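Take 5 as the starting number for the sequence shown in this note's numbering and just add one per residue.
Contents: one structure, followed by commentary.
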Amino acid sequence: AHGFATNHIMMTMRRDFQYENANMWFQNLDKLIKYVNAQQTNGSDVNMFYSTPSCYLYALNKVGREWTSKTDDFFPLGDTPHGFWTGYFTSRPSLKRYERHANNILQVARQLNVLSQINLRSNIFDSSEAMGVVQHHDAISGTEKQHVADDYAQRLSEGIDIAADVINNAYDKLLPNESKVPMAAPQFLCQYSNISECLPIEGQDRFTLTLWNPTIHPVTHHARVSVTKEYWIRDPMGSIIPAEYILIPDTTKNIPGRKSSAQNQYIFTILLPALDFSTYYFEVKNGEIIEKKHLTTTRNEACILENEFLRVEFDDQGNLHQIINLEKRIAVPFTAQGFYWLYTSFPGNSSLPEFQASGAYVFRPLTSKTQPVSTTRTIQEVSLFQGAPTVEVEWTVGPIPIDDDVDKEIVVRYDTNIESASQYYTDANGRQVLE
């Protein structure tokens with residue numbers, strides 16, 4: 005077929021907001037398929053039928069040919085001189101993160117269902133369906149209205165609850181028999197761990213933390229557990245492991261909706277085997293003396309983070325000064341850095357290209373002039389772990405004031421002297437490097 009590599013042709017239905025009357029559309033499609041296939045009696049070799057992307061790919065793979073691949077940007081879209089579709093890459097970041105979290109839970113449930121042979125695949129369907137619906141181009145993109153975003157989040161939440169039941173059933177079956185005496189308590193997911201909240205364990209003298217590695221290779225993970233007491237932490241072999249016991253930042257504790265009374269968190273490094281789980285045991289300390297190393301706190305003075313790979317230097321205002329690769333002896337200075345910059349959005353009506361408004365689809369500041377965001381609304385946490393060749397940066401912002409009815413766009417910005425010629429690398433949904 006012209007324009008296709010094989011005689012398998014995907015006939016897609018295009019346009020937006022055209023299919024509210026689904027019954028009428030499917031009746032017409034049924035007629036189209038019926039009368040096109042009827043021409044086979046006249047020698048036509050066209051056979052139309054309803055299909056799915058999986059069936060289409062299966063048919064293409066059966067052809068047995070080598071396929072080319074596309075490696076550059078899949079969506080470099082700009083429909084007007086001032087309308088570059090880059091806003092939706094960050095619109096509704098909470099829903100984007102929740103979708104990724106729900107997908108993680110779904111994949112774990114699928115894997116454990118198979119490995120434990122509990123045959124609960126049908127139970128996971130609602131979770132899979134919710135994940136599929138949220139892939140809509142006005143869902144994961146963040147371009148939907150608020151009440152629609154709420155509905156997507158509710159679907160994901162209900163799917164996670166179902167997947168959690170499957171995980172619990174699988175975990176109970178996979179536990180060694182001797183570990184079930186006394187009977188293992190049901191597992192639960194800490195859904196608000198991203199705001200340092202896990203209410204079921206608060207005040208408990210004992211609890212366990214189970215982590216599953218869904219990948220096919222071992223993974224080093226840095227676990228964070230918010231607590232209201234001090235604990236001994238034991239690994240799966242029963243040995244006490246070292247952990248950092250630090251304060252939860254006030255900015256996190258003041259997040260609207262957070263109900264936790266936890267003031268501190270444990271951070272510790274674990275190695276998870278491939279496609280397997282590890283359980284860590286928390287037991288409250290009863291006055292025992294434990295060897296401690298006190299944290300060094302600096303205020304208004306330069307400080308340094310360093311491990312065997314990197315040296316990260318900050319100036320006396322807490323700004324990132326430079327990162328040095330110790331192995332290659334390469335330093336990358338940061339010529340200027342505002343942790344958080346606020347752009348006032350362009351308030352156009354989009355009637356003409358020059359009046360293109362900034363919004364969910366298009367990121368368009370009113371001017372290039374920026375202003376720092378109040379530190380009471382932002383926090384940046386820079387972590388450098390032992391044995392890690394990377395620096396982790398996690399930043400929190402909000403709530404963003406909207407009482408003045410002025411849209412605002414907040415970014416974190418780093419300026420370096422790297423001569424990149426505007427070339428950079430990112431990931432393609434975690435699957436490959438995209439240039």
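Positions of the beta carbon are idealized from the N, C-alpha and C atoms, including for glycine.
None of these values were measured; they are calculated from a predicted model.
Examine the ligand GTP and report whether any of its heavy atoms sits within less than 7 Å of the Cβ of V397.
The ligand GTP is absent from the structure shown, which contains no ligand whatsoever.
For the region 231–266, list the beta strand (DSSP E) runs that are entirely contained and at least 3 residues long, ordered along the chain.
235–238 and 248–251
One or two residues paired with N329 in a DSSP bridge
L314 and I334
Since D169 is in the alpha helix (DSSP H), which residue starts that stretch and which ends it?
Q150 to L178
Drop a sphere of 10 angstroms on the beta-carbon of E2, count the other beta-carbons inside from all chains shown, and report buried for 16 or more, exposed for fewer.
Residue coverage of the chain in this structure runs from 5 to 439, which leaves residue 2 outside it and unanswerable.
Identify, in the order they occur along the chain, each residue of the same chain with its Cβ nearer than 7 Å to the Cβ of T348, setting aside the five sequence neighbours on each side.
P369, L370, V410 and K412
Measuring CA to CA, which of S387, V336 and Y429 is closest to Y418?
V336
Going straight from the alpha carbon of D165 to that of D49, what length do you get?
48 Å
Is R228 helix, strand or coil when you go by DSSP?
strand
Among the residues of its own chain, which have a CB less than 7 Å from the CB of H12, if the five just before and after it don't count?
Y60, A63 and L64
To the nearest angstrom, how far is it from the Cα of I220 to the Cα of R381?
39 Å
Between which two residues does the beta strand (DSSP E) holding Q269 run?
N268 to L276
Less than 8 Å between the CB atoms is what I'm expecting for L388 and L309, so what's the real figure, rounded?
4 Å
What residue range does the beta strand (DSSP E) around V401 cover?
E396 to V401
Tell me which residues share the same chain as S145 and place their Cβ nearer than 7 Å to its Cβ, disregarding the 5 neighbours each side in the sequence.
Y92 and S95
Give the DSSP-derived three-state secondary structure of E24 in the structure shown.
coil
Assigned exposure category for L81 - 16 Cβ within 10 Å defines buried
exposed
State the beta-bridge partners of L346 as determined by DSSP.
Q375 and I414
Which residue wins for smallest C-alpha separation from L299, given the options G261, A247, F281 and F350?
A247
Below 8 Å on the Cβ atoms is my contact criterion, and I expect V229 with Y270 to pass it. Report the Cβ-Cβ distance as a whole number of Å.
5 Å
Pairing CB atoms from the region 395–409 with CB atoms from the region 109–127, are three or more of them under 8 Å?
no
Coarse secondary structure for S387, derived from DSSP in three states:
strand
Use the C-beta contact count for F8: other C-beta atoms within 10 angstroms, 16 or more gives buried, fewer gives exposed.
exposed
G261 classed as buried or exposed, judged by whether at least 16 other C-beta atoms fall within 10 angstroms
exposed
Mark I128 as exposed unless 16 or more other C-beta atoms lie within 10 angstroms of its C-beta, in which case mark it buried.
buried
Just the Cα atoms here: how many angstroms apart are W216 and Q115?
10 Å
So, does the region 200–212 touch the region 148–165, judging by three or more C-beta pairs under 8 Å?
no
I need the boundaries of the alpha helix (DSSP H) containing G363, first residue and last residue.
It is not in any alpha helix (DSSP H) - G363 carries neither H nor E in the DSSP assignment.
Inspect the beta-carbon positions of Y285 and R238 and report whether they are closer than 8 Å.
yes
Consider the Cβ of T273: report whether some Cβ of chain D lies at a distance smaller than 8 Å.
Among the chains of the structure shown, chain D does not appear; only one protein chain is present.
Where the beta strand (DSSP E) through L213 begins and ends
R210 to N217
Hey, I274 and H225: beta-carbon distance below 8 Å or not?
yes
Enclosing beta strand (DSSP E) for E201 [first to last residue]:
Where E201 is concerned, there is no enclosing beta strand (DSSP E), given that its DSSP letter is neither H nor E.
Measuring only the C-alpha atoms, how far is A143 from N108?
18 Å
Which of the three DSSP states, helix, strand or coil, is assigned to Y196?
coil
Measure the C-alpha to C-alpha separation of F318 and H141 and round it to an integer number of angstroms.
41 Å
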